[in-house]
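Residue numbers (the working numbering): 13 to 78.
Dropping the structure here:
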């Protein structure tokens with residue numbers, strides 16, 4: 013019983029475990045967000061490309077007089 017109490021009292025690796033769990037949670041959360049938003053973002057990207065490719069660009073004319 014003394015060994016179990018001694019083991020529970022030592023928290024040397026607790027910070028490492030906390031960081032591993034926190035990092036895994038952030039990576040998992042980021043993956044879920046990426047999977048849910050990748051299709052709408054690709055749709056917006058293709059619509060923006062279509063809109064920009066149909067625009068006409070006018071070259072500016074500079075009248076420089078000395």
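Note that beta-carbon positions come from the ideal geometry of N, C-alpha and C, so glycine has one too.
Run of the alpha helix (DSSP H) containing residue i, from where it starts to where it stops
{"i": "residue 14", "result": "14-21"}
{"i": "residue 70", "result": "Careful: residue 70 lies outside any alpha helix (DSSP H) and carries neither H nor E."}
{"i": "residue 77", "result": "It is not in any alpha helix (DSSP H) - residue 77 carries neither H nor E in the DSSP assignment."}
{"i": "residue 30", "result": "26-65"}
Residues near residue i in its chain [Cβ-Cβ closer than 8 angstroms; skip 5 each side]
{"i": "residue 50", "result": "none"}
Same chain only: Cβ atoms within 7 angstroms of residue i, ignoring 5 sequence neighbours per side
{"i": "residue 29", "result": "none"}
Same chain, Cβ closer than 6 angstroms to residue i, five either side skipped, listed in chain order
{"i": "residue 45", "result": "none"}
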